[in-house]
């Protein structure tokens, strides 16, 4: 009984009608899938809304509105195609620029790094990152998730909202702005007797960073979501309660080989007769 009702509504009288319905349904289905690829605009829902309006006016007997919808249907479809193609073209250009960075300058990815840190702070998440300079860190850092991609705000946001992201571990970044891995950790912990008494009150990840910073030229950056400040570790030196502008200045100085000598040095083996500047040289 229900089948007969749909047959009458769809005006199906022979196999040709069935074939036409299948072809039209297939076109609408694949066109909907194509519109669905646009994540920025709700083209698919707009298309469904137009179709609902068309069938609704037909069955409600609103002849004038239904006729107008039929008349403007080709123009509407063309509009969907143009808007969709424009969005895809913009996304392709943006993706091309991200996927093929020419020669990322330090200023660009340093600013991105701080914006990423601020994103983490705004989400009340801790932020740790180990910056690799000239010494390779593969022997002291282990990273279960290796990316080797240019650091962007979009990439970090995607990682941060992933179920596998651990905010109590750190990012691994090189001096070209390439994110080598996330959820990174040190391969071994520092020895407590090596550290000054004051540093033993720091987080374990900071203690380890201090230890390994005397063995390599890495720079370790952490942020505190409570105080909204940063801590910088380099060459056995610890600088705390830094603002965003100060961190940016310190990073630029370090990677331009002119890092300042201010800061407290806590490494016992380096406390005697060696300043921050001497270690850097």
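Residue numbers (my numbering): 5 to 285. Where is the CB? At the ideal position from N, CA and C, for every residue including glycine. A quick note: this is a predicted structure, and the numbers were derived from the prediction, not measured.
Three-state secondary structure (DSSP) of residue 206: coil
My output table needs one value for residue 211: the three-state DSSP class, helix, strand or coil. helix
Skipping 5 residues on each side, what residues in its chain have a beta carbon closer than 6 Å to that of residue 139? 220 and 221
Presumed contact (8 Å Cβ cut-off) between residue 175 and residue 162, rounded CB distance: Actually they are not in contact, since the Cβ atoms of residue 175 and residue 162 sit about 13 Å apart, beyond 8 Å.
Measure the alpha-carbon distance for residue 230 versus residue 128 and round it to whole angstroms. 8 Å
At the level of alpha carbons, what is the spacing between residue 172 and residue 40? 36 Å
Distance CB(residue 235)-CB(residue 226) smaller than 7 Å: yes
To the nearest angstrom, report how far apart residue 101 and residue 239 are at their CA atoms. Unreliable placement is indicated for residue 101, whose pLDDT of 49 sits below 50; the coordinate value is still reported in the next sentence. If you take the alpha carbons of residue 101 and residue 239, they lie about 35 Å apart.
From residue 114 to residue 181, what does the alpha carbon distance come to, in whole angstroms? 7 Å
With distances taken from CA atoms, which of 56, 232 and 112 is nearest residue 256? 112
Buried versus exposed, by CB contacts within 10 Å (16 or more), residue 215: buried
In its own chain, which residues sit with a C-beta less than 6 Å from the C-beta of residue 78, not counting the 5 before and 5 after it? none
According to DSSP, is residue 56 helix, strand or coil? helix
Have a look at residue 147 and residue 46 and give me their C-alpha separation to the nearest angstrom. 38 Å
Considering Cα atoms alone, identify which of 55, 179 and 232 is closest to residue 126. 232
If you draw a straight line from the C-alpha of residue 210 to the C-alpha of residue 237, how long is it? 8 Å
Is it right to say residue 33 is buried, meaning 16 or more other beta carbons lie within 10 angstroms of its own, or is it exposed? exposed
So if DSSP puts residue 186 in a beta bridge, which residue, or which two residues, is it bridged to? 149
Close-in-space but distant-in-sequence residues of the same chain around residue 62 (CB under 7 Å, 5 per side omitted): 70
Beta-carbon separation (whole angstroms), residue 58 vs residue 73, contact threshold 8 Å: 5 Å
First and last residue of the beta strand (DSSP E) that includes residue 231? Neither: residue 231 is in no beta strand (DSSP E) and is coded neither H nor E.
For residue 169, collect the residues of the same chain with a Cβ closer than 8 Å to its Cβ; drop the 5 residues on either side in sequence, then sort them by chain order. 163, 186 and 187
When the Cα of residue 241 is compared with those of 158, 224 and 159, which residue comes out closest? 224
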